[in-house]
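Numbering (our numbering), first residue to last: 11 to 112.
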Ligand SMILES: [Zn+2]
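Now the structure itself:
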């Protein structure tokens, strides 16, 4: 699957985990602080719910958010490639402000 490259506002992204790995975040914070580039995250856009859900990149988003970075390079795919049929997903989702590292 390909997806479109876009810079998305971190505020618009949803995570499906409430806790991220502290060590992993630490490494990414260091990388970002040194102005090194990080891999684009992967998200799917739910055309039914109008929400961006992170598939890969929870730690990158968390690290960037906590450094005050407001947008992030993303590869975006529509939700139906993930077989979304528009029903409210049965997983919990969180805004990055409600996520913690442990
Ligand atoms: Zn959908």
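From the three backbone atoms N, C-alpha and C, an ideal C-beta is built for every residue, glycine too.
Residue pairing by DSSP places residue 15 opposite 85 in a beta bridge. For the alpha helix (DSSP H) assignment, the uninterrupted runs of no fewer than 4 residues enclosed by the segment 57 to 83 are, from N- to C-terminal side, 68 to 76.
The beta carbons of residue 19 and residue 81 sit about 5 angstroms from each other, so the pair counts as a contact at 8 angstroms. Its chain contains 20, 42 as the residues whose beta carbon lies nearer than 8 angstroms to that of residue 79, once the 5 sequence neighbours on both sides are disregarded; these appear in chain order. Remark: the C-beta of residue 96 is in contact range of ligand 1, defined as less than 6 angstroms to any heavy atom. The straight-line gap separating the alpha-carbon atoms of residue 50 and residue 73 is approximately 13 angstroms. For the 7 angstroms CB-CB criterion, residue 84 and residue 53 form a contact.
In the three-state scheme derived from DSSP, where H, G and I count as helix and E and B as strand, residue 109 is classed as coil.
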